[in-house]
Each structure stands twice: as C-alpha cells, then as structure tokens.
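Presented below is the structure to which this report refers.
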Amino acid sequence: MRSWPAPDPHDLPGAGRLPGRGLPVRLHDTATGALAAAGPAAPGRAALYVCGITPYDATHLGHANTYVAFDLLGRAWRDAGHDVTYVQNVTDVDDPLLERATATGVDWRELAAEQVQLFRDDMTALSVVPPQEYLGVVEAVDLVAAAVRDLLDAGAAYRVPGTGGGPDGDVYFPVAADPAFGQVSGLHAAAMRALSAERGGDPDRPGKRDPLDPLLWRVARPGEPSWDAAGLGAGRPGWHVECTAIALQHLGMPVDVQGGGSDLVFPHHEMGASHAQVLRPHAGPFARLYAHSGMVALDGEKMSKSRGNLVLVSRLRAAGEDPAAVRLAIVSQHWREDWEWTGALLADSRERLARWRAAVARPAGPDGAAVLARVRERLAEDLDAPGAVRAVDAWADAALAGAGQDPDAGDLVRRTVTALLGVAV
Ligand code: ZN
Numbered sequence: 050m051r052s053w054p055a056p057d058p059h060d061l062p063g064a065g066r067l068p069g070r071g072l073p074v075r076l077h078d079t080a081t082g083a084l085a086a087a088g089p090a091a092p093g094r095a096a097l098y099v100c101g102i103t104p105y106d107a108t109h110l111g112h113a114n115t116y117v118a119f120d121l122l123g124r125a126w127r128d129a130g131h132d133v134t135y136v137q138n139v140t141d142v143d144d145p146l147l148e149r150a151t152a153t154g155v156d157w158r159e160l161a162a163e164q165v166q167l168f169r170d171d172m173t174a175l176s177v178v179p180p181q182e183y184l185g186v187v188e189a190v191d192l193v194a195a196a197v198r199d200l201l202d203a204g205a206a207y208r209v210p211g212t213g214g215g216p217d218g219d220v221y222f223p224v225a226a227d228p229a230f231g232q233v234s235g236l237h238a239a240a241m242r243a244l245s246a247e248r249g250g251d252p253d254r255p256g257k258r259d260p261l262d263p264l265l266w267r268v269a270r271p272g273e274p275s276w277d278a279a280g281l282g283a284g285r286p287g288w289h290v291e292c293t294a295i296a297l298q299h300l301g302m303p304v305d306v307q308g309g310g311s312d313l314v315f316p317h318h319e320m321g322a323s324h325a326q327v328l329r330p331h332a333g334p335f336a337r338l339y340a341h342s343g344m345v346a347l348d349g350e351k352m353s354k355s356r357g358n359l360v361l362v363s364r365l366r367a368a369g370e371d372p373a374a375v376r377l378a379i380v381s382q383h384w385r386e387d388w389e390w391t392g393a394l395l396a397d398s399r400e401r402l403a404r405w406r407a408a409v410a411r412p413a414g415p416d417g418a419a420v421l422a423r424v425r426e427r428l429a430e431d432l433d434a435p436g437a438v439r440a441v442d443a444w445a446d447a448a449l450a451g452a453g454q455d456p457d458a459g460d461l462v463r464r465t466v467t468a469l470l471g472v473a474v
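For the sequence shown, our numbering begins at 50 and goes up steadily by one.
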C-alpha cells in the first residue's frame, strides 16, 4: 500500500544537516518498567514497528499522539546516525470496520480506502515521516496465512468447533505454547481476561483451551470477506498475527522497538510477541523494547471511537488550523502520559508558535548551539519533548527581549525545531 509523502529532506535530521550528532536514545520499556537503550549502540540499522489504524474513523488526537511520538523517535534515531527502517500496518479488514460499513451501507473496501487516505493526509500535514513499508492486511493475507499454517505445523494452533450456528474450524493460538507469555504486559490472568473481553478477544467462547487464546484464522461466514488459503480454507486473519507476520517479513526479529498506544499492551502486543516467539523460538524476544504512548482525553474521558468524543485532525485542518500548531500542542505533552486535549492547549500552541517564529526571524539571539544540545539531551531521555519545548521557549523569550549577539542562532534554532521536533517554524 502506498504510504504518504516524506517531508523535505532538508527538514529532517541526519546527513550533517545539524552540527554534531544526536545522543543515544533511552525509552521507557513497558516489559521491564525501566528506561533502556532503544536502538543500536553505535550508528546502524534501527528497526521500528508501530501498529497502524483500523480505518473506520479518521485520525483523532489519540492516534496523532502515537504517530507523532514514534516520529520523534525516528527523528532522534536519524540524528544519532541510525538508518531507520520503519514498518506500519493497516488493519483494513476486521470486525469493527465491517460492522461500521454494514451500519452505514458503505462497501467495506471503500470505507477503508477513504479513511486510509484521510490518515495519509493527516500524517503529511503533521510532518510525520512515512514508514518504508505500509501494508494492509488485505495485501498481506498470503503472508499471514503462511504464519498461521506454520503455527499449525508446529503444534501451536488448534481448531475450535462452531458455536451458535457458526462454522467449525476457527483457528486459535494456545498461549501456553509460549513460555514467555505475559512478559510484555506483566499482568495477572484475571486482568488479562478482563482486557481480552474489552479489546476484541472472546474469553467466553466454548472449546478454547484457555480463555485467553486468541483467534488466528476465522473461517468464512456468509456476507463476510474471505480469502482462500491453502491448508486453512476460506477465511480471514485474526488481528494479532497480522502484525506478527508483517513484522517478521519486513523487519526480522528482534525489532528494536515495538510501538503503539497503551491500549495495545494487552492483548495485542502480548499476543503478537508470543506468536513471533513460537514461530522463531531461537531468535530471542520479539522486540528488544516495547514502547507505549498515553491516551488523549476530551472533557475528562479517553478519546475513542466507541465513546464518540473524537477530535479529528482532518476537522482541525478543515477549520484552517495550522498543522504546525497542532503538532506543537502534541509535543508539548509527554508522549507516555495520558493528557487532555483542550481549546486552551491549542490556543497556547498557536501563541507559542508565533513567538518562536518571531524569535528565529530576529537578526541575532543567544547561543543557538546550546539550544540544540539541550533539545538533543531532552529527547534522548525518554523523548522528553516538553523539556525540549521549554528550552526553546527560554531561548525565544531571551531573543525577543533583545538578548544575545549570535547572528546564526535564529537559523540554527529554526533547523533544530523543524528537524528534531518536526514543527515547521
Ligand atoms: Zn499491531
């Protein structure tokens, strides 16, 4: 699947576009609960997999927070001299998408195509560097089916009889097959079971060996899209194995960072990791580090499709909002914390952006190299973009007050903010 246009290379770090080099990045690892090195120790290839959208409602601020967070990581990695390989999927066939298509009388393919295009436009506007591989499940069905067959051949998958008039033969993954199961979330069985029921699992389905066992292949039902897969029969892939198959094919194992929103820790990332670890038992853990972005709330409630309280990036764009102000509002919050979107936050960001633009346009200011160093230092420490924003604020206030004699400061701060924070000033 086509991704979206990359920002101008001059607006990205790497290849000497900023003086010196960025620092090694440390991130909070969900699996250990501690900060750890993210990416290779020396300049080299850094592999990032971030779970993509289910395209039935366009990009809301919660999505934007996730993709901007991992964009900050990609930029910090490039600045540190790494060659970033980034892969993202699109869950373009899944229950919620099919349900929405049926409810609105739209063909599910049309709904997905339209929403994916909106997502591309939003990512472009927010200056998010696109993944090299952007893959829909529909185009990866053969890959996913092969992974499910491999699991069956390895004895790490089983078929379940039909219930409630449904067909026999849905394929499930026994979580007991992975000795490391539970390592990503660190949750107890009761909490896992509750989350499974809440987030697309079917813990109460009869015939499963363990209530937590996730679906790998759903046998075709009348009126649902399906694909004929040798050895599996007509059907469609389960959610978690889709990401596993795509990541193993396009990044190999282990990936440096598996990223996503914190609502993906369990079951999605736990199951995806287990699938991979059973498929490649000698390749180590699926990911070296699991990183999860916080949830964005509106009026005190988590922004979600099911609650219907979405602030859409496309609507802000349509209302004439400068996407740089939207991105600045996002990076002024810590990516890993839950935070709240408000009109006041956006107004503050507009004002801050105007101040920064006025400051970099001045003929001289305080030392720009110190700002670059401080921004690098803050980003290397768990992507502390709010700390980086404070450093630029302090510099801008001083420059606007007429302090400093450095004639190159404005240009260097402009390049720093544009390349490392992704905010066009
Ligand atoms: Zn995923």
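Where is the CB? At the ideal position from N, CA and C, for every residue including glycine.
Point to revise | Rounded distance between the beta-carbons of L201 and V186, thought under 8 Å | key: Not quite, the Cβ-Cβ distance comes to about 19 Å (not below 8 Å), so this is no contact.
**Study point:** E430 - partner residues in DSSP beta bridges
**Key:** Beta-bridge pairing links E430 to R75.
**Study point:** Spatial neighbours of P252 in its chain, beta-carbon cut-off 6 Å, leaving aside the 5 residues before and after
**Key:** Hits under 6 Å: R242, S245, A246 and P260.
Review point. So L97 packs on G308, CB below 8 Å; how close in whole Å?
Key: Confirmed, Cβ separation roughly 7 Å.
Point to revise | Own chain, CB closer than 8 Å to R248, minus 5 neighbours either side, in chain order | key: Contacts found: D312, F315, P316 and H317.
Practice item. Could you tell me whether the Cβ atoms of L122 and D431 are closer together than 8 Å? Key: It is not a contact, given that the beta carbons lie outside the stated cut-off.
Review point. DSSP state of Q298, grouped into three classes?
Key: Looking at Q298 - three-state DSSP - the assignment turns out to be helix.
Review point. Relative to the alpha-carbon of G475, which residue among G459, W388 and A226 has its alpha-carbon at the smallest distance?
Key: Any question about residue 475 goes unanswered here, given that the chain covers just 50 to 474.
Check your understanding: Secondary structure at H324, three-state DSSP: helix, strand or coil?
Key -> H324: helix per DSSP, three-state reduction.
Check your understanding: Is any heavy atom in the ligand ZN found nearer than 7 Å to the beta carbon of N114?
Key -> Not so, every heavy atom of the ligand ZN lies at least 7 Å from the Cβ.
Point to revise | Buried or exposed (CB count within 10 angstroms, at least 16 for buried), H331 | key: H331 comes out exposed.
Review point. Which runs of the beta strand (DSSP E) spanning at least 3 residues fall entirely within the stretch 89-143, listed in chain order?
Key: Whole beta strand (DSSP E) segments, 3+ residues: 94-99 and 132-139.
**Study point:** Residues near A87 by beta carbon distance below 6 Å, same chain, minus five either side
**Key:** Cβ within range, chain order: V74, L76, V306 and L338.
**Study point:** H341, DSSP secondary structure in three states
**Key:** Here H341 sits in strand by DSSP.
Practice item. Please work out which residues of its chain come closer than 7 Å, Cβ to Cβ, to L146, disregarding the five sequence neighbours upstream and downstream, and give them in chain order. Key: Sequence-distant Cβ neighbours of L146 in its own chain, meaning closer than 7 Å and more than five residues away, are T103, P104, Y105, W157, L160 and A161.
Check your understanding: Just how far apart, CA to CA, sit G284 and E273?
Key -> Cα-Cα distance, rounded: 9 Å.
Review point. Leaving out the 5 sequence neighbours to the left and right, which residues in its chain are closer than 6 Å to R258 when beta-carbon positions are compared?
Key: Here the set comprises P223.
Point to revise | Exposure label - D120; buried when at least 16 CB within 10 Å | key: D120 sits buried, since 16 or more C-beta atoms from the chains shown fall within 10 Å of its C-beta.
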